[in-house]
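Q:
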Amino acid sequence: RACAVFYRRSKEKNAVYACRSGTSRCSAGKGLNCKKCRLAHLDNILRESGENNDIDDNLPLVLTSDCGSECKDEPSTSFSSPPNCKNAENSLSFFSRIKMAYKKMSHARLIGELFARKEPPSPTQTSLYNHPVYPATYVSINHANRMHMSCILEFGATCFPEFRILSEEEKWSISVKFFYAFRMLENAYRSNKRFADNPDRCFCGYTLWMSEDSVDNFFDDFDKESGDIEEAKRIMKQRCRSKPKERRAVLEKLKPDDTEFFALMSLLFWATNGMSASDNVTAASENYRKQVFSELHRYYREVLHLDNYALRIGELCSALTVFESNDKIKETFEMFRLLDIFSDDSFTYKLNK
Numbered sequence: 115r116a117c118a119v120f121y122r123r124s125k126e127k128n129a130v131y132a133c134r135s136g137t138s139r140c141s142a143g144k145g146l147n148c149k150k151c152r153l154a155h156l157d158n159i160l161r162e163s164g165e166n167n168d169i170d171d172n173l174p175l176v177l178t179s180d181c182g183s184e185c186k187d188e189p190s191t192s193f194s195s196p197p198n199c200k201n202a203e204n205s206l207s208f209f210s211r212i213k214m215a216y217k218k219m220s221h222a223r224l225i226g227e228l229f230a231r232k233e234p235p236s237p238t239q240t241s242l243y244n245h246p247v248y249p250a251t252y253v254s255i256n257h258a259n260r261m262h263m264s265c266i267l268e269f270g271a272t273c274f275p276e277f278r279i280l281s282e283e284e285k286w287s288i289s290v291k292f293f294y295a296f297r298m299l300e301n302a303y304r305s306n307k308r309f310a311d312n313p314d315r316c317f318c319g320y321t322l323w324m325s326e327d328s329v330d331n332f333f334d335d336f337d338k339e340s341g342d343i344e345e346a347k348r349i350m351k352q353r354c355r356s357k358p359k360e361r362r363a364v365l366e367k368l369k370p371d372d373t374e375f376f377a378l379m380s381l382l383f384w385a386t387n388g389m390s391a392s393d394n395v396t397a398a399s400e401n402y403r404k405q406v407f408s409e410l411h412r413y414y415r416e417v418l419h420l421d422n423y424a425l426r427i428g429e430l431c432s433a434l435t436v437f438e439s440n441d442k443i444k445e446t447f448e449m450f451r452l453l454d455i456f457s458d459d460s461f462t463y464k465l466n467k
């Protein structure tokens, strides 16, 4: 609440501060000790949000916790370590809404996966930046997929008002398409952070990972008497040798920060290519695409202070195509059905229809 106290006292005293750098353009964040620029940042936030400048103790945490030199570290959305306080200019943006909803979704998946285990970890090991991970198994990945789909539906309703008024069929179609695309993006993004020294591992759930070596134990909890397990293992090992590493390599080269990750996430959610979209879905897709790029322009100009960022936006757009292509995943699911690994009514296979 340090920002709220500072702002209120400054306004009450009609305080006039001098810029420490003499430029009146000090960058916001944890190291911002310039009172003049900090006050200007807060004025700008409130002006853009349409709020009255009379701040009281009920200020939303999205403002009070994200700026100033007294900010504390918070649980990270980058999955490996707590981040520094974010720039004040971006604290009430569209991406902040995505960030908060994603954090909520991540925590739900984390808790759901961990406490579904026969021997769940201690509650002290269930934070977003301090939790165990496990080799995936047949049962655990099916549970994780069901949890993920439930969270995606809630994520859509939380972030996008237009999503709430769509038909159930449209919600499901958008969510399933996003499930495949985002699964590949997030798994690669998190793997590069958590498994930076182990290129053979890749996330396949929030707490689950897979590698060519771990495939041998994947079916340890498979309880069907039928099913060609050995052929399924062969296919999985073949997939582990190529696709996850390719996607990790794309993001390793691109090195998106958290804001760019949320931009990619938003664009993938409303990607309508390859699906039969109603006018409502198409309109929402176009609207959010414009909003994402508008926010990116603002982020590059006002937060990162970049003038020439057209190439960077082009690189982000090029990366999207890698994660929108999900034919190989669907092909693998269909093979597993033919091998009697998946039945027609299994949840994971239903996502393939």
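In terms of this note's numbering, the sequence shown is residues 115 to 467. Quick reminder that beta carbons are idealized off the backbone N, C-alpha and C, glycines included.
#1: Using DSSP's beta-bridge definition, name the partner residues of Asn-306.
#2: Can you grab the Cα-Cα spacing for the pair Ile-266 / Met-219, in whole Å?
#3: Look up Ser-194 in the DSSP assignment and say whether it is helix, strand or coil.
#4: DSSP beta-bridge partners for Asn-244?
#5: Based on Cα-Cα distance, which residue from Glu-282, Lys-347, Asp-421 lies nearest to Ser-392?
#6: Could you check whether Asn-422 and Ala-295 sit closer than 9 Å to each other, using their CB atoms as the reference points?
#7: Of all the options Phe-407, Ser-432, Gly-319, Asp-459, which has the alpha carbon lying nearest to the alpha carbon of Ala-83?
#8: If you check the beta carbons only, do Leu-382 and Leu-434 fall under 9 Å apart?
#9: Ends of the alpha helix (DSSP H) at Met-263?
#10: With distances taken from CA atoms, which of Ala-222, Lys-217, Tyr-248, Ala-346 is nearest Lys-232?
#11: Roughly how far, in whole angstroms, is the beta-carbon of Leu-280 from the beta-carbon of Asn-401, given that I think they are within contact range, below 8 Å?
#12: Quick check: the stretch 260-275 against the stretch 352-359, are at least 3 beta-carbon pairs closer than 8 Å?
#13: Opposite Lys-316 in the DSSP bridges: which residues?
#14: From the DSSP output, in three-state form, read off Pro-235 for me.
#15: Quick one: residues in its chain with C-beta nearer than 7 Å to the C-beta of Ser-192, no 5 flanking neighbours on either side, listed in chain order?
#16: Indicate whether the contact test is met: 3 or more Cβ pairs, each with one atom in the stretch 404-411 and one in the stretch 322-336, closer than 8 Å.
#17: In chain order, what residues of the same chain have a beta carbon less than 7 Å from the beta carbon of Ile-443, not counting five sequence neighbours either side?
#18: Is Ser-179 helix, strand or coil when you go by DSSP?
#19: Looking at Gly-341: is its Cβ nearer than 9 Å to the Cβ of Ile-255?
#20: Expressed to the nearest angstrom, what Euclidean distance is found between the alpha-carbon atoms of Ser-399 and Met-298?
#21: Do Glu-300 and Leu-368 have their C-beta atoms closer together than 9 Å?
#22: In three-state terms, what does DSSP make of Pro-358?
#23: For Met-389 and Arg-361, I'd like the C-alpha separation in whole angstroms.
#24: By the 10 Å Cβ neighbour count, where 16 or more other Cβ atoms means buried, how is Arg-304 classified, buried or exposed?
#25: So, at 6 Å on beta carbons, what are the nonlocal neighbours of Phe-317 in its own chain, with the 5 sequence-adjacent residues on each side left out?
#26: Do you know offhand how far Pro-234's Cα is from Leu-228's?
#27: Tell me whether Leu-425 is buried or exposed, calling it buried when 16 or more other Cβ atoms sit within 10 Å of its Cβ.
#28: Going straight from the alpha carbon of Ala-363 to that of Arg-315, what length do you get?
#29: Thinking Phe-336 and Tyr-252 are a contact (beta carbons under 8 Å), I'd like their distance in whole angstroms, please.
#30: So for Lys-464, helix, strand or coil by DSSP?
#31: Please list, in chain order, all residues of the same chain as Ser-90 whose beta carbon is under 7 Å from its beta carbon, the five residues on each side excluded.
#32: Is it buried or exposed, Leu-525, if we count other Cβ atoms within 10 angstroms and call 16 or more buried?
#33: Among all the DSSP beta bridges, which residues are the ones paired with Pro-249?
#34: Tell me the start and end of each unbroken beta strand (DSSP E) in the stretch 376-411 that is at least 3 residues and wholly inside, in chain order.
#35: Going by the CB atoms, is the gap between Arg-412 and Ser-207 shorter than 9 Å?
A: Working from what's here:
#1: Here the question's residue 306 lines up with position 192 in the sequence shown. Asn-306 is not bridged to any residue.
#2: Within the sequence shown, residue 266 is the residue found at index 152, counting from 1. Within the sequence shown, residue 219 is the residue found at index 105, counting from 1. Looking at the backbone, the Cα of Ile-266 and that of Met-219 are separated by about 7 Å.
#3: What you label residue 194 is simply residue 80 of the sequence shown in a count that begins at 1. Note that Ser-194 has pLDDT 35, beneath the 50 cutoff, so the model's placement of it is unreliable and no number is given.
#4: Sequence index remark: in the sequence shown, residue 244 carries index 130 (1-based). Answer by DSSP bridge pairing, in chain order: Ser-241.
#5: Indexing the sequence shown from 1 puts residue 392 at position 278. Its Cα nearest to that of Ser-392, the residue Glu-282 stands out among Glu-282, Lys-347, Asp-421.
#6: Locating residue 295 in the sequence shown gives position 181, counting from the first residue. Locating residue 422 in the sequence shown gives position 308, counting from the first residue. Not closer than 9 Å, so no.
#7: Since the displayed the chain opens at 115 and closes at 467, residue 83 lies outside it and no answer follows.
#8: Here the question's residue 382 lines up with position 268 in the sequence shown. Here the question's residue 434 lines up with position 320 in the sequence shown. Yes, these two residues count as a Cβ contact at 9 Å.
#9: Taking the sequence shown and counting its residues from 1, one reaches residue 263 at position 149. 252-273 is the span of the alpha helix (DSSP H), which, as asked, contains Met-263.
#10: Walking along the sequence shown from the start, residue 232 turns up at place 118. Comparing Cα positions, the closest option is Tyr-248.
#11: Stepping through the sequence shown from its first residue, residue 280 is reached at position 166. Stepping through the sequence shown from its first residue, residue 401 is reached at position 287. Taking 8 Å as the upper bound for CB-CB distance, Leu-280 and Asn-401 are not in contact here, some 14 Å apart.
#12: The stretch 352-359 makes no contact with the stretch 260-275; the number of CB pairs closer than 8 Å stays below 3.
#13: Here residue 316 corresponds to residue number 202 of the sequence shown, with the count starting at 1. Just to set this straight, residue 316 is Cys in the shown sequence, not Lys. For Cys-316, which the question treats as bridged, DSSP gives the partners Met-324.
#14: Against the sequence shown, residue 235 aligns to sequence position 121. The answer is coil: DSSP assigns Pro-235 none of H, G, I, E or B.
#15: Position 78 of the sequence shown, counted from the first residue, corresponds to residue 192. For Ser-192, the predicted structure reports a pLDDT of 37, less than 50, and the residue's modelled location is therefore unreliable. The matter cannot be settled from this model.
#16: As far as the Cβ criterion goes, the stretch 404-411 does not touch the stretch 322-336, which means the pair count is below three.
#17: As a position in the sequence shown, residue 443 is number 329, starting the count at 1. Once the five neighbours on either side are set aside, the close Cβ partners of Ile-443 are Tyr-294.
#18: As a working mapping, residue 179 is identified with position 65 in the sequence shown. Bear in mind that the predicted position of Ser-179 carries a pLDDT of just 33, short of 50, making it unreliable; the figure below should be weighed with that in mind. Three-state DSSP puts Ser-179 in coil, outside helix and strand.
#19: Translated into positions along the sequence shown, residue 341 becomes position 227. Translated into positions along the sequence shown, residue 255 becomes position 141. Contact: no.
#20: Sequence index remark: in the sequence shown, residue 399 carries index 285 (1-based). Sequence index remark: in the sequence shown, residue 298 carries index 184 (1-based). Separation of Ser-399 and Met-298 (C-alpha to C-alpha, rounded to the nearest whole angstrom) is 21 Å.
#21: Position 186 of the sequence shown, counting from 1, holds the residue named residue 300. Position 254 of the sequence shown, counting from 1, holds the residue named residue 368. Note that the C-beta distance between Glu-300 and Leu-368 is not below 9 Å.
#22: Within the sequence shown, the letter at position 244 stands for residue 358. Residue state, collapsed to three classes: helix.
#23: Taking the sequence shown and counting its residues from 1, one reaches residue 389 at position 275. Taking the sequence shown and counting its residues from 1, one reaches residue 361 at position 247. C-alpha separation (whole angstroms): 23 Å.
#24: The sequence position of residue 304 within the sequence shown is 190, counting from 1. Note on Arg-304: 16 or more other CB atoms within 10 angstroms of its CB, so buried under the neighbour-count rule.
#25: Residue numbering aside, residue 317 sits at position 203 when the sequence shown is read from its first letter. Contacts found: Asn-301, Arg-304, Ser-305, Trp-323.
#26: Walking along the sequence shown from the start, residue 234 turns up at place 120. Walking along the sequence shown from the start, residue 228 turns up at place 114. Rounded to the nearest angstrom, the two C-alpha atoms are 6 Å apart.
#27: If you number the sequence shown from 1, residue 425 lands on position 311. A residue is called buried once 16 or more other Cβ atoms fall within 10 Å of its Cβ, and Leu-425, having fewer, is exposed.
#28: Working through the sequence shown from its first residue, we reach residue 363 at position 249. Working through the sequence shown from its first residue, we reach residue 315 at position 201. If you draw a straight line from the Cα of Ala-363 to the Cα of Arg-315, it comes to about 13 Å.
#29: Position 222 of the sequence shown holds residue 336. Position 138 of the sequence shown holds residue 252. About 5 Å separates the two Cβ atoms, so the contact holds.
#30: Residue mapping note: residue 464 aligns to position 350 of the sequence shown, counting from 1. In the structure shown, Lys-464 sits in a helix (DSSP, three-state: H, G or I).
#31: Outside the displayed range of the chain (115 to 467) lies residue 90, so it cannot be described from this structure.
#32: With the chain covering 115 to 467 only, the question about residue 525 has no answer from this structure.
#33: Within the sequence shown, residue 249 is the residue found at index 135, counting from 1. As computed with DSSP, Pro-249 is found in a beta bridge with Trp-323.
#34: The qualifying runs do not exist here; there are none.
#35: Locating residue 207 in the sequence shown gives position 93, where the first residue counts as 1. Locating residue 412 in the sequence shown gives position 298, where the first residue counts as 1. Note that the C-beta distance between Ser-207 and Arg-412 is below 9 Å.
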